[in-house]
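Q: Using the working numbering, the first residue of the sequence shown is number 28, and each one after it goes up by one. A virtual CB, placed ideally from N, CA and C, is assigned to each residue, including glycine. These numbers were taken from a predicted model, which means no experiment stands behind them.
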Amino acid sequence: MVTAVQVGTAQDLAELGLSEPDYEVLSTLSEREGGTSTLHEQAAKMGWSRSRLSRHASRMEARGLIRRAPDPADGRGCLLVLSPAGWDVLRDAAPSHVASVRRHFVDRLTSDELAALGRIAQKLSAGR
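What follows is the structure, encoded as structure tokens:
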């Protein structure tokens, strides 16, 4: 199920010039105050290793979607900051992504099926 939905949404994001990981980084950063997070906190939020996020962030930084800044609270760490271009890309992509998730997932299920999935998701995430 997860694979089927991800394949569809990934194809739709690719048409916008984004990968799923790109969108995930942009959207999760946008949830933070000022679009800024430490590399460590961001990796934990996404369930990624710091090295995986660091490598991906380098590619996104090269495209101007994010920037790195020194972390004033940790001289060894860095902050990931959503750039103005990253905000623009996310703002442009979000409606298409929502429509894609609806088309590949939500609209295919009944309200009872969605409610059951909600209960299952809540039960599984309760132990985290």
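Within 10 angstroms of the Cβ of M28, are there 16 or more other Cβ atoms? Answer buried if so, exposed if not.
A: M28 is exposed by the Cβ-count criterion.
Q: Would you kindly check if the distance between the Cβ of V116 and the Cβ of R94 is under 8 Å?
A: Taking 8 Å as the Cβ cut-off, R94 and V116 do not qualify as a contacting pair.
Q: Tell me which residues share the same chain as S127 and place their Cβ nearer than 8 Å to its Cβ, disregarding the 5 neighbours each side in the sequence.
A: Around S127: G35, T36, D39, L40.
Q: The beta strand (DSSP E) spanning G102 covers which residue range?
A: Run containing G102: 101–109, per the beta strand (DSSP E) assignment.
Q: Taking 8 Å as the limit between beta carbons, can you name the residues of its chain near S64, skipping five residues before and five after?
A: These residues qualify, in order along the chain: T55, L56, K72, L106, L107.
Q: A112 and L43 look like a contact to me (Cβ under 8 Å); what is the Cβ gap, rounded to whole Å?
A: Not confirmed; about 14 Å, so no contact.
Q: Quick one: what's got a C-beta closer than 8 Å to S46's C-beta in the same chain, skipping five residues either side?
A: For S46, where only same-chain residues beyond five positions count, the Cβ hits under 8 Å are A37, L40.
Q: Assuming H67 and G104 are in contact, meaning their beta carbons sit under 8 Å apart, how far apart are those beta carbons, in whole angstroms?
A: Confirmed, Cβ separation roughly 6 Å.
Q: Which of the three DSSP states is assigned to S64 in this structure?
A: Looking at S64 - three-state DSSP - the assignment turns out to be strand.
Q: Using the rule of at least 16 other Cβ atoms within 10 Å of the residue's Cβ for burial, across every protein chain shown, is L141 buried or exposed?
A: By the 10 Å Cβ count, L141 comes out exposed.
Q: First and last residue of the alpha helix (DSSP H) that includes A37?
A: Where A37 is concerned, the enclosing alpha helix (DSSP H) stretches over 29–41.
Q: Quick one: give me the first and last residue of the alpha helix (DSSP H) that R86 is part of.
A: Note, R86: alpha helix (DSSP H), 77–89.
Q: Going by the DSSP bridge assignment, what does A96 pair with across the sheet?
A: BP columns for A96 point to L106.
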